[in-house]
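Heads up, the thing below is written out as structure tokens.
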Amino acid sequence: MTEQDLAGRRAVITGGASGIGLACAREFARRGAHVVIADLDAAAAETAATELGGEAWVVDLSDTRALDTLALDADILVNNAGIQRVSPIVDFDPEAFRSIQRIMVEAPFLLIRAVLPGMYERGWGRIVNVSSVHGLRASAFKSAYVTAKHALEGLSKVTALEGGPHGVTSNCINPGYVRTPLVEKQIADQARLHDIPESEVVQRIMLTESAIKRLVEADEVASLAGWLTSDTAGMVTGASYTMDGGWSAR
Ligand code: NAD
12 MTEQDLAGRR
22 AVITGGASGI
32 GLACAREFAR
42 RGAHVVIADL
52 DAAAAETAAT
62 ELGGEAWVVD
72 LSDTRALDTL
82 ALDADILVNN
92 AGIQRVSPIV
102 DFDPEAFRSI
112 QRIMVEAPFL
122 LIRAVLPGMY
132 ERGWGRIVNV
142 SSVHGLRASA
152 FKSAYVTAKH
162 ALEGLSKVTA
172 LEGGPHGVTS
182 NCINPGYVRT
192 PLVEKQIADQ
202 ARLHDIPESE
212 VVQRIMLTES
222 AIKRLVEADE
232 VASLAGWLTS
242 DTAGMVTGAS
252 YTMDGGWSAR
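The sequence shown begins at 12 in our numbering and counts up one residue at a time.
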């Protein structure tokens, strides 16, 4: 990919202070984009922005009412911020379920809504929605997350249909388990729920469906996000690209 092919582009990455979002921000900055790290974690967002010569936007994306009237200037939007809660439906805290829908469905809708007018005006835009293999498949104990990711798939496709005539593409990326702080946190929860030692969770629970028995790396996901923002991906829209070691081939 051409070095500096994103020079002059402004990229907003939600959850850009950690894991996959930070890897995407590094990829875009390396290629010359001005990056905006939108994250709840102010200190980590400032650190990332300083490292990449970009800016931090400290925002709680669960407070969706505050996004109703937002106008957002960006050529690239990555809807990436997300959280996980692992619990059977019968015990699932209703407020946690609602909060996950706000962060992972309502906020992406409101950010897309805020960013499209500028993209339409310039006739160019790239929206990358970080979904999951759980946007295409379900797992027990993840009702809120699987529900939110399936909804994000629908939102991405509608955005693709509306944005197409204006030079705006919208796609999902669907990783399997990626080595990030979000996954590290899940290992203890899964060990408790499945009643097995933490040391066995990755091989016995997380990688059971994957043909390739390792976690995905965040920079592998970022390279796919990077390609989706390139001009050579201009005809790719409304698609969902798995990076799951073969999980969803079953
Ligand atoms: P992470 O925990 O490393 O990073 C998530 C970032 O989002 C953090 O910086 C956090 O501060 C921010 N964030 C959380 N709640 C927020 C809020 N209310 N407002 C603003 N920012 C908020 O997670 P990650 O593993 O890099 O996950 C990023 C995305 O990738 C998520 O949408 C996740 O569902 C998806 N994903 C992750 C995996 C995986 O295995 N790690 C697999 C598939 C999909």
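Note that beta-carbon positions come from the ideal geometry of N, C-alpha and C, so glycine has one too.
- Here the distance from the Cβ of G175 to the nearest heavy atom of the ligand NAD is not below 8 Å.
- For a cut-off of 8 Å, the C-beta gap from G129 to G26 is around 21 Å, too long to register as a contact.
- Excluding sequence positions up to five before and after E117, its CB lies within less than 6 Å of the CB of T75, all in the same chain and listed in chain order.
- Around the Cβ of T243, a 10 Å sphere holds fewer than 16 other Cβ atoms; the residue is exposed.
- In the three-state scheme derived from DSSP, where H, G and I count as helix and E and B as strand, M115 is classed as helix.
- A contact is defined here as three or more CB-CB pairs under 8 Å, and the stretch 239–259 meets this definition with respect to the stretch 181–190.
- For G257, the CB stays at least 8 Å from every heavy atom of the ligand NAD.
- When rounded, the separation of the alpha-carbon atoms in N140 and K160 is 10 Å.
- When distances are taken from the beta-carbon of V141 to the heavy atoms of the ligand NAD, the shortest one is below 8 Å.
- Under the three-state reduction of DSSP, Y188 is assigned to coil, being neither helix nor strand.
- Judged by DSSP secondary structure, V232 falls within the alpha helix (DSSP H) whose first and last residues are A229 to L239.
- Looking at the DSSP output, A49 sits in a beta bridge with T25 and W68.
- Taking C-beta atoms as the reference points, D50 and A59 count as a pair closer than 9 Å.
- Per DSSP, R215 has no beta-bridge partner at all.
- Short note on Y131: C-beta not closer than 8 Å to any heavy atom of the ligand NAD.
- In this structure, L122 sits near L78, with a CB-CB distance shorter than 9 Å.
- For L72, the CB falls within less than 8 Å of some heavy atom of the ligand NAD.
- Relative to the ligand NAD, the beta carbon of V157 is positioned no closer than 8 Å to any heavy atom.
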